[in-house]
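In mature numbering (1 follows the signal peptide of the UniProt record, and there is no 0), the protein residues as written are -18 to -1, 1 to 203. Data block below; observations after.
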């Protein structure tokens, strides 16, 4: 009986710890790079997004580089929780996947896969609101343009891009690159790290294993 009780406690600890995490990745994507690939893109039903970096997601992560996912399959995305945020999300968190849509599938995926792993800190509304508030604090495009780095199809060094973002935002970013149809490597996503409250940027404990050449293209959109 004692052994069974201890086993139950052990299982409870495993379930609980599965939802713990060490920090968030706050990820923004450049729509020009997303669309300039073989898969192309589809604009949302609200029309072509503005030529700005947009939100991809707010992702719980562990310091060792791994991450939790789909932590609570009983807590499905509910659009009623974010009705007051929907208009803002259409502007700054649009979907570019095909076929064209209103973004609900994209946002639902982000909550189900990533948000449920942070629900001990943030409920659905707070999760999306936190991402929007972080977006206001980290104007990636302005930081780059202030350094003379524009989405003009030219090539820029990865180091100059990182330094420009660090000067503008205050923290070292991670970069992800993709390739266009001609095989040119482009800036695709920018990773910044956030504390477990989802409120404040921090220096990243680790970055994803991302391969970018020394010089990458910043495509127009």
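Here a beta-carbon is modelled for each residue, glycine too, at the ideal position from N, C-alpha and C.
ask   = Going along the chain, which residues of its own chain have a beta-carbon closer than 7 Å to the beta-carbon of residue 56, five neighbours each way excluded?
value = Excluding the 5 residues flanking it on each side, residue 56 has no same chain C-beta neighbour closer than 7 Å.
ask   = Identify the residues that DSSP records as bridge partners of residue 42: which are they?
value = By DSSP's assignment, residue 42 forms a beta bridge with 6.
query = Taking just the CA atoms, how far does residue 98 sit from residue -18?
reply = Legend: pLDDT at residue -18 = 49, less than 50; position of this residue unreliable, value from coordinates given subsequently. C-alpha of residue -18 to C-alpha of residue 98: approximately 34 Å in a straight line.
query = Bridge partners of residue 183, per DSSP?
reply = Within the DSSP bridge table, the entry for residue 183 names 176 as partners.
ask   = With which residues is residue 161 paired in a DSSP beta bridge?
value = DSSP lists 167 as partners of residue 161.
query = Short check: CB of residue 8 to CB of residue 140, under 7 Å?
reply = Contact flag unset, no.
key: Beta-carbon spacing of residue 20, residue 52 below 7 Å   = Inclusion of residue 20 and residue 52 in the CB contact set at 7 Å is not warranted, their separation being larger than that value.
query = In whole angstroms, what separates the C-alpha of residue 106 from that of residue 181?
reply = Cα to Cα, residue 106 sits roughly 15 Å from residue 181.
ask   = Buried or exposed: residue 81, going by 16 or more other Cβ atoms within 10 Å of its Cβ?
value = If you draw a 10 Å sphere on the C-beta of residue 81, you find fewer than 16 other C-beta atoms in it, and that means exposed.
ask   = Which one of 202, 112, 44 and 61 has the shortest CA to CA distance from residue 134?
value = The closest CA to that of residue 134, considering only 202, 112, 44 and 61, is found on 202.
query = So, helix, strand or coil for residue 143, using DSSP?
reply = In the three-state reduction of the DSSP assignment, residue 143 falls in the helix class.
key: Rounded straight-line distance, which links the Cα of residue 168 to that of residue 199   = Between the alpha carbons of residue 199 and residue 168 lies a gap of roughly 4 Å.
ask   = Cα separation between residue 23 and residue 173?
value = In a straight line, the C-alpha of residue 23 is about 22 Å away from that of residue 173.
request  = Give me the Cα-Cα distance between residue 84 and residue 5, rounded to the nearest whole angstrom.
outcome  = Cα to Cα, residue 84 sits roughly 29 Å from residue 5.
query = Can we say the region 31 to 41 touches the region 69 to 77, given the rule of at least three CB pairs closer than 8 Å?
reply = Counting Cβ pairs under 8 Å, three or more are found: they touch.
inquiry  = Taking the beta carbon of residue 112 as the centre, do at least 16 other beta carbons fall within 10 Å, making it buried, or is it exposed?
reply    = Residue 112 should be labelled buried.
request  = Would you mind giving the Cβ-Cβ distance between residue 189 and residue 150, rounded to the nearest angstrom? I have them listed as a contact below 8 Å.
outcome  = In fact, because the Cβ distance is near 18 Å, the residues do not count as touching under 8 Å.
query = In this structure, what does DSSP give as the bridge partners for residue 63?
reply = Per DSSP, none; premise fails for residue 63.
task = Within 10 angstroms of the Cβ of residue -3, are there 16 or more other Cβ atoms? Answer buried if so, exposed if not.
result = Model confidence at residue -3 stands at a pLDDT of 39, short of 50, so the residue's coordinates are unreliable and nothing is read from them.
ask   = Can you round the beta-carbon distance between residue 18 and residue 162 to whole angstroms, since I take them to be within the 8 Å contact cut?
value = Yes, residue 18 and residue 162 are in contact; Cβ-Cβ is about 5 Å, under 8 Å.
ask   = What separation, rounded to the nearest whole angstrom, lies between the Cα atoms of residue 102 and residue 31?
value = Rounded to whole angstroms, residue 102 to residue 31 spans 33 Å at the Cα level.
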